[in-house]
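Counting from 87, one number per residue, gives the positions in the sequence shown under our numbering. Where is the CB? At the ideal position from N, CA and C, for every residue including glycine. Report on one structure; see the data block that follows.
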Amino acid sequence: MSRRPTKLRVTILDRYVGAAYLRMFSMCLFGFVVIYLLVDFIERSSQLFKKNPETIHVVMYFVYKLPQMLYQVLPVACLLGSLLSLTILAKNSELTAIKAGGVPILRSTAAILALSALLSAATFALGEYVVPGAVEKKDYVYKVNIKMQEWKEKYRKENMYYRDGDTIYSFGLFVPEQDKITDARMFKLDEHFRIVERATAAEAKYENGQWYFIDGTYRRFSDGVPTESVAYDKYPVPLREKPDRMKVYLAEPEHMSYGELARLARDLQRQ
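Written out as structure tokens, the structure reads:
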């Protein structure tokens, strides 16, 4: 007589243990968030009300900060909730009764494991899709509505390097508002990584889809010895990188999603 395959199903035991776990998890999460809010409010109260902002802006600051708080305390609440729920079940001799009924410990905690996996996935999704945008809005409210300062995008502007084939570009300062670069340098290398061409300029500008070095010097080398030197007012360079691609936003790494971190790493490697 063949036996039917066992199907995974939610039993009364799973619902009971899962409910006990969710109660402890909810209490821990609520407690951590309240403590986080109180401590953060007390520490920042002098700065939050220094410019006499509207109350709604202070409230919105903490509303936008809430996803970040949840992302930070969810793992701890998940761990502590599982420990407390199992401790209470053991204290009430319920785990003993479960084992006496022939249910293995691993099977009796299946609900906790499943719910923890779901909460872990939710935490990852929260950090990937919600936290970065909420943090940016929180920073904007704090900067503009609470501290009454002008909001400026933060870009990486100094000491930038790009490689395009056998050519390396070095930029001292990038001014994204004007599509302009100061202290620009270009080095073209041969197969032995020796410099064969070098161009320096006080600044570089992007005009009509083309980068130009302005007020600089072009030099050509042969076996490391300069063979030609020409001063120029405007010199076109074959840099294919557009200004929009050079505007790497300077967000704090802990405020970036995994996808944004991966893109930033690729951009830095390419440069």
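Within the region 261 to 336, the runs of beta strand (DSSP E) that reach at least 3 residues and sit entirely inside it are, in chain order, 266 to 275, 281 to 293, 296 to 308 and 311 to 323. Distance from the Cα of residue 167 is smallest, within the candidate group 110, 147, 181 and 173, for 110.
From the listed residues 123, 191 and 126, the smallest Cα separation to residue 100 is found for 191.
Residue 131 and residue 121 have their C-alpha atoms spaced approximately 15 Å apart.
Counting C-beta pairs closer than 8 Å gives fewer than three between the region 260 to 268 and the region 216 to 231, which falls short of the contact rule. If you compare the alpha carbons of 267, 327, 247 and 214 with that of residue 346, the shortest gap goes to 214. Less than 7 Å separates the beta-carbon of residue 153 from that of residue 216. As for any alpha helix (DSSP H) of minimum length 4 sitting wholly inside the region 98 to 179, the runs are 98 to 134 and 141 to 177, ordered along the chain. Counting only runs of 3+ residues, the beta strand (DSSP E) found wholly inside the region 183 to 251 occupies 244 to 250, in chain order. Taking the C-beta atoms as reference points, residue 266 is found nearer than 7 Å to residue 289. Close CB contacts of residue 231 within its chain, under the 7 Å cut and outside five residues either way in sequence, are with 139 and 143 (chain order).
By the criterion of at least three beta-carbon pairs nearer than 8 Å, the region 241 to 255 is not in contact with the region 169 to 177. The straight-line gap separating the alpha-carbon atoms of residue 286 and residue 349 is approximately 30 Å. The C-alpha of residue 118 is placed about 28 Å away from the C-alpha of residue 181.
Beta bridge pairing from DSSP links residue 255 with 248 and 272.
Residue nearest to residue 162 within the set 148, 112, 126 and 124 is 112 (criterion: CA-CA distance). The beta carbons of residue 280 and residue 305 sit no closer together than 7 Å.
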